[in-house]
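Asks: Residue numbers (the numbering used here): 9 to 118. Yeah, the Cβ is synthetic: ideal placement off N, Cα and C, and Gly gets one too.
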């Protein structure tokens, strides 16, 4: 029996700190990440947005909700994107995600 592990739990991140500033950063990071995953067709069997087009507050992305490319992105690229943000890179800068996905997709062609 395989376990479907959560890759991203929006509420866990929101509940980690009650600071309004922190929660606004988590919201922005989540929106940017979900938009990137959606735009690049990396999500399956998951509708991450509510009827207003906002990210659902109870969003949990499980391994079964991402393509194999998305799974690889969560293993290395997304943590690197977080680290860059922690070092001061604007979270809106998604070039790390774009380059990581390009590398994953190019490696499949070899």
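#1: Do you know how far the Cα of residue 62 is from the Cα of residue 41?
#2: For residue 116, does the count of other Cβ atoms within 10 angstroms reach 16, so buried, or fall short, so exposed?
#3: Do residue 105 and residue 78 count as a contact pair if the criterion is CB distance below 7 Å?
#4: Suppose only complete runs of 4+ residues qualify. What are the alpha helix (DSSP H) ranges in the region 63–114, listed by chain order?
#5: How many angstroms separate the CA atom of residue 113 from the CA atom of residue 20?
Replies: In short, the structure shows the following:
#1: 13 Å
#2: exposed
#3: no
#4: 76–80, 86–94
#5: 30 Å
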